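Numbering (this note's numbering), first residue to last: 570 to 994.
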Ligand SMILES: *Cc1c(COP(=O)(O)O)cnc(C)c1O
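Have a look at this one:
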């Protein structure tokens, strides 16, 4: 498998190089040249444990790491002492299923992909006798998960920029109390978009990027999306155990559009997902886009779900590329216009959705808190504020239109509630 850039100005490269490059050298995002179909393998895959499922999936997208080596990396990544007791348990609560993705070291779903990425980096760098300076912009969870993934590893330094005073105290401690010599925290006076802009500016300076061997672990890095695809398959197979033909809806609490885009790829590969429900908090640029076709930058609002406090979603470019027919030239023009005007418009017919696969909605602070309260009182289950935004939106969608009997709704549970004690209290 070769990787190309959404902006069309990087010659095809292999997986290892794509992982090292992070953001594409032309400023775009790296994507696989083709999306493999696995419709014929689903039955065989349904019997696999998490590690072997991940291995099969990764193998389709990685052909420059021998399978034996890849297996070692995957086994080490998803072992029971990293994810306790398992990577992604699916639990039924009320009318929905929650896929708990926070059993890793920093209690958020980002561990699932970043633990993999840290180990992949270690492998590639030692093979090439190379070093990497990893630059991260974080709204809270990525930074701590990235630090947990590379702390103490040789050949890597990590520099994490977080918006000063805008992350939860626990997130802050998870990052700043790690004393390994290769870990560096930088508090930025600004918001997450400012952090992300600094990172993108540095990554776009190719001389600087080469001179200092800059690497990226944000969800611009293809390896993250790859690792996140696995649990969509995993959840589907767990539900298929209780075989019937109901529709599968997957709801994803969304910020940078990375997690839900992994679901989109899984669907393109042949996983029978009927709807992806995109849930946002008050920072609803993406929800508005899927409703109206207009992607318009707004003002950033601080909420109880800080990891979703994002206006400009870096992974949106990958989606847009496919949505406009894989036309890099047109994409470059749209991105150029967006950087000037803060708006992208896709033509939309009155009676047609922007994309049949997506439902999109937002839940505000009160709705999220009410959802946390309700699930605790009715089911004795504590949701974190990000997951609660998602569940609130999923419930709205289930009430609209057809009755909920017609479908199974999986909500991705993206963090453990203990990470956000202020909101819970
Ligand atoms: C990062 C994060 C999100 C948003 O995921 P994206 O891939 O950025 O859309 C949601 N919830 C939690 C807890 C997160 O850490």
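Glycine is no exception: its CB is placed at the ideal position from the N, C-alpha and C atoms.
Keep in mind it's a predicted model, so treat the numbers as computed, not measured.
Inset, instruction - Starting from the N-terminal side, write out each stretch of the alpha helix (DSSP H) that is 4 residues or longer and does not extend beyond the segment 881-939. - result: Counting only runs that start and end inside the segment 881-939, the alpha helix (DSSP H) elements of at least 4 residues fall at 885-892, 897-910.
Legend entry - Sub-7 Å separation of residue 958 and residue 822 beta-carbons: Residue 822 sits close to residue 958, with the two beta carbons spaced by under 7 Å.
Inset, instruction - Give a yes or no on contact between the segment 682-697 and the segment 654-668, applying the rule of three or more CB pairs nearer than 8 Å. - result: Contact annotation: the segment 682-697 does not touch the segment 654-668, with fewer than three C-beta pairs closer than 8 Å.
Legend entry - Beta-carbon separation (whole angstroms), residue 962 vs residue 846, contact threshold 8 Å: Correct: roughly 6 Å between the Cβ atoms.
Inset, instruction - Please confirm whether any heavy atom of ligand 1 lies closer than 6 Å to the CB of residue 877. - result: Yes.
Legend entry - Element boundaries [beta strand (DSSP E), containing residue 784]: First-last of the beta strand (DSSP E) with residue 784: 783-785.
Inset, instruction - Please find out if some non-hydrogen atom of ligand 1 comes closer than 6 Å to the beta-carbon of residue 984. - result: It does: the Cβ of residue 984 is within 6 Å (strictly closer) of some heavy atom of ligand 1.
Legend entry - heavy atom of ligand 1 below 6 Å from residue 822 C-beta: Within the cutoff, so yes.
Inset, instruction - For residue 754, I'd like the list of residues in its chain whose CB is within less than 6 Å of its CB, leaving aside the five on either flank, ordered along the chain. - result: Here the set comprises 729, 744, 745.
Inset, instruction - Leaving aside the five residues before and after residue 682 along the sequence, list all residues of the same chain whose C-beta is less than 6 Å from its C-beta, in chain order. - result: Within the same chain, residue 682 has close Cβ partners 793, 796, 797.
Legend entry - residue 819 - partner residues in DSSP beta bridges: DSSP, once it has assigned bridges, lists 845, 979 as partnering residue 819.
Legend entry - Sequence-distant residues of the same chain with beta carbon closer than 6 Å to residue 928, five excluded per side: The residues are 844, 846, 966.
Inset, instruction - Confirm, please, whether the CB-CB distance from residue 574 to residue 593 is below 7 Å. - result: Yes, Cβ-Cβ distance for residue 593 and residue 574 is below 7 Å.
Inset, instruction - Might you give, ordered along the chain, the residues of its own chain that have their beta carbon closer than 6 Å to the beta carbon of residue 643, omitting 5 neighbours on each side? - result: Hits under 6 Å: 620, 623, 624.
Inset, instruction - Evaluate the contact criterion for the segment 688-708 versus the segment 721-739: three or more CB pairs, one atom per stretch, below 8 Å. - result: Contact holds between the segment 688-708 and the segment 721-739, because three or more Cβ pairs, one in each stretch, are under 8 Å apart.
Inset, instruction - Enumerate in chain order the residues of its own chain whose CB-to-CB distance from residue 658 is below 6 Å, with the five nearest sequence positions on each side excluded. - result: Excluding positions up to five away in sequence, the list reads 669.
Legend entry - residue 582 to residue 977 span [Cα, whole Å]: For residue 582 and residue 977, the distance between alpha carbons rounds to 39 Å.
Legend entry - Nearest-angstrom Cα separation, counted from residue 599 out to residue 702: Answer to the nearest angstrom: the Cα atoms are 19 Å apart.
Legend entry - Whole-Å CB distance - residue 693 paired with residue 585, under 8 Å assumed: Contact holds; Cβ gap of about 5 Å.
Inset, instruction - Report whether the distance from the Cβ of residue 850 to the nearest heavy atom of ligand 1 is below 6 Å. - result: Result no, Cβ not under 6 Å from ligand 1.
Inset, instruction - Can you say whether residue 740 is buried or exposed, counting buried as having 16 or more other CB atoms within 10 angstroms of its CB? - result: So residue 740 ends up on the buried side.
Inset, instruction - Reducing DSSP to helix, strand and coil, say where residue 592 ends up. - result: Shown here, residue 592 sits in a strand according to DSSP, grouped into three states.
Inset, instruction - Answer yes or no: the CB of residue 710 versus the heavy atoms of ligand 3, is any distance below 6 Å? - result: As presented, the structure is devoid of ligand 3, carrying ligand 1 as its sole ligands.
Inset, instruction - Please look up how many angstroms separate the CB atoms of residue 1028 and residue 819, rounded, as I've assumed it's under 8 Å. - result: Because residue 1028 is not part of the residues shown, which for the chain are 570 to 994, the question remains open.
Inset, instruction - Pull up the distance between the alpha-carbon of residue 900 and that of residue 736, whole angstroms please. - result: Rounded to whole angstroms, the gap between the alpha carbons of residue 900 and residue 736 is 33 Å.
Legend entry - residue 825 and residue 882 closer than 7 Å at C-beta: With contacts defined as CB atoms closer than 7 Å, residue 825 and residue 882 qualify as a contacting pair.
Inset, instruction - Look at the Cβ atom of residue 948, then the Cβ atom of residue 597, and state whether they are nearer than 7 Å. - result: Going by C-beta atoms, residue 948 is not nearer than 7 Å to residue 597.
Inset, instruction - Examine the Cβ distances between the segment 760-778 and the segment 644-654 and report whether three or more of them are shorter than 8 Å. - result: With the rule of 3 Cβ pairs closer than 8 Å, the segment 760-778 does not count as touching the segment 644-654.
Inset, instruction - Go through its chain and collect everything with a Cβ distance to residue 860's Cβ below 8 Å, but skip five positions before and after it. - result: Counting only Cβ-Cβ distances below 8 Å, and skipping sequence neighbours, we find 923, 929.
Inset, instruction - Report yes if the C-beta of residue 933 is less than 6 Å from at least one heavy atom of ligand 1; otherwise report no. - result: Checking the Cβ of residue 933 against ligand 1 gives no.
Inset, instruction - May I ask you to check if the CB of residue 828 is nearer than 6 Å to at least one heavy atom of ligand 1? - result: Short note on residue 828: C-beta closer than 6 Å to some heavy atom of ligand 1.
Inset, instruction - Report yes if the CB atom of residue 863 is closer than 7 Å to the CB atom of residue 787, and no otherwise. - result: Result no, Cβ atoms of residue 863 and residue 787 do not sit closer than 7 Å.
Inset, instruction - Kindly examine ligand 1 and report whether one of its heavy atoms sits closer than 6 Å to the Cβ of residue 731. - result: Because no heavy atom of ligand 1 lies under 6 Å away, the Cβ of residue 731 does not count as near it: no.
Inset, instruction - Could you work out which residue in 909, 903, 926 is closest to residue 916 when comparing CA atoms only? - result: Ranking 909, 903, 926 by CA distance to the CA of residue 916 puts 903 first.
Legend entry - Test item: CB-CB of residue 983 and residue 960 under 7 Å: Result no, Cβ atoms of residue 983 and residue 960 do not sit closer than 7 Å.
Inset, instruction - Classify residue 955 as helix, strand or coil using the three-state DSSP reduction. - result: In the three-state DSSP reduction, residue 955 falls in the helix class (H, G or I).
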